[in-house]
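Visitor: The opening residue of the sequence shown carries number 6 in my numbering; numbering runs sequentially from there. A virtual CB, placed ideally from N, CA and C, is assigned to each residue, including glycine. This one's a predicted model, so the numbers in the text were calculated from it and none came from an experiment.
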Amino acid sequence: MNDRAHDSLAPEQMNTLADALGDSPMTVISCHYLRRGQCKAWTIGPPEAFHAAVVQWDELPLEPEGFGEPEAMWGILRDVTGWDCVDVDPGSAGPLTALIERDMGRPCKLYGDLHHVLHRPAREFPHPDVRLFGPEDIEVVNRALPAELGSPAKFAANVAWAVFAGAVADGRIVAYAYTSARTGGYANIGVETCEAFRNRGYCTAAASLVARAAQQAGDVPVWSAGETNAASLRVAEKLGFERIGQKTYVIKPKIARSEANGHKGNP
6 MNDRAHDSLA
16 PEQMNTLADA
26 LGDSPMTVIS
36 CHYLRRGQCK
46 AWTIGPPEAF
56 HAAVVQWDEL
66 PLEPEGFGEP
76 EAMWGILRDV
86 TGWDCVDVDP
96 GSAGPLTALI
106 ERDMGRPCKL
116 YGDLHHVLHR
126 PAREFPHPDV
136 RLFGPEDIEV
146 VNRALPAELG
156 SPAKFAANVA
166 WAVFAGAVAD
176 GRIVAYAYTS
186 ARTGGYANIG
196 VETCEAFRNR
206 GYCTAAASLV
216 ARAAQQAGDV
226 PVWSAGETNA
236 ASLRVAEKLG
246 FERIGQKTYV
256 IKPKIARSEA
266 NGHKGNP
């Protein structure tokens, strides 16, 4: 087994790793970031036939995805900084947890990450305040997107490939849905709603528009949500998504401040 290089994979190696992972509802986000070079990634073994791989997205470094053999995966994660939990296949979660607990001396927590796909036409939920946004709406987003929902720069950077639908109320964008990752076969849908505007149907209406647009482009919509995220799971059910599997977050034990002061590994 090859030792892991300390540097992240080069761009051409990231493409090779994406090919090895394969395009599926369970890999769509990592493959999206790998093909765009918007992540760090490491393998033990060559990318095309790895023993383990870890993909840490630039946009969400706290929650990398892990693939492959638990012991080799932990061999990578021990040296990776800036993560709080790792999303893995359920079969790997138990052995990986045992390895982390052995080395860190504290218990991990586990949390289910439920995955769904939409093969039937997305159900329609029209709403007068909700519409699709495109490149012509960049200035509108710059003026109307509150910090609570993210950065207008992210919309501008992604508008060329992402599908985005938003709800406008009181002159602000108060909810939106968008394709957070696309691979040409699958499109992962993410949603956000301002807390004061929840339970008004905005999220469902926006997600319906995005799912239908993704289907028209030939993508299979994908929806993932934490096992206790009842609101997100309700929206998926309304739209017609069907659960196809799950992954498991292995949540790393916290390190006491007195230990962290002299610790040279993970923060």
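(1) If contacts are defined as beta-carbon pairs under 8 Å, then Val33 and Val215 qualify, I think. What distance do you get, rounded to the angstrom?
(2) Across the stretch 163-170 and the stretch 130-137, are there enough close Cβ pairs to call them in contact, namely three or more that are closer than 8 Å?
(3) Could you say which of Pro112, Tyr191, Leu244 and Phe55 lies nearest to Ala222 if we only look at CA atoms?
(4) Does the stretch 235-243 come close enough to the stretch 151-160 to have 3 or more Cβ pairs within less than 8 Å?
(5) By DSSP, does Asp24 sit in helix, in strand, or in coil?
(6) Taking the Cβ atom as the reference point for each residue, do Pro52 and Ala25 lie within a distance shorter than 8 Å?
(7) Report all residues from its chain with a CB closer than 8 Å to the CB of Tyr38; omit the five preceding and five following residues, and keep chain order.
(8) For my contact list, Tyr116 and Ile249 are in at a C-beta cut-off of 8 Å; report their separation, rounded to the angstrom.
(9) If you compare alpha carbons, which of Gly71, Arg41, Pro151 and Pro126 is closest to Trp47?
(10) With which residues is Gly195 paired in a DSSP beta bridge?
(11) State the DSSP-derived secondary structure class of Ser229, mapped to helix, strand or coil.
(12) Which residues does DSSP pair with Tyr254 in a beta bridge?
(13) Helix, strand or coil for Lys45, going by three-state DSSP, please let me know.
(14) Leaving out five residues before and five after Ala23 in sequence, what residues of the same chain have Cβ atoms less than 6 Å from its Cβ?
(15) Sort Gly42, Met31, Asn204 and Ser29 by Cα distance to Asn20 and report the nearest one.
(16) Do you know offhand how far Ala161's Cα is from Pro30's?
Guide: In this structure, then:
(1) The beta carbons of Val33 and Val215 sit about 14 Å from each other, so the pair does not count as a contact at 8 Å.
(2) Proximity of the stretch 163-170 to the stretch 130-137 meets the contact definition, three or more beta-carbon pairs being nearer than 8 Å.
(3) Residue Tyr191 is the option with its Cα nearest to Ala222.
(4) No, the stretch 235-243 is not in contact with the stretch 151-160.
(5) Asp24 falls in the helix class under three-state DSSP.
(6) Yes, they are a contact pair.
(7) Here the set comprises Cys44, Val60, Trp62, Asp63, Glu64 and Ala186.
(8) Rounded, the Cβ-Cβ distance is 19 Å, inconsistent with contact.
(9) When only C-alpha atoms are compared, the closest one is Gly71.
(10) Under DSSP, Gly195 takes part in a beta bridge, and its partners are Tyr183.
(11) Strand.
(12) Answer is Asp92 and Tyr116.
(13) Three-state DSSP puts Lys45 in a strand.
(14) In chain order, Cys36, Leu39 and Arg40 place their CB closer than 6 Å to the CB of Ala23, counting only its own chain and leaving out the 5 sequence neighbours on each side.
(15) The residue with the shortest Cα to Cα distance from Asn20 is Gly42.
(16) Going by the C-alpha atoms only, they are around 26 Å apart.
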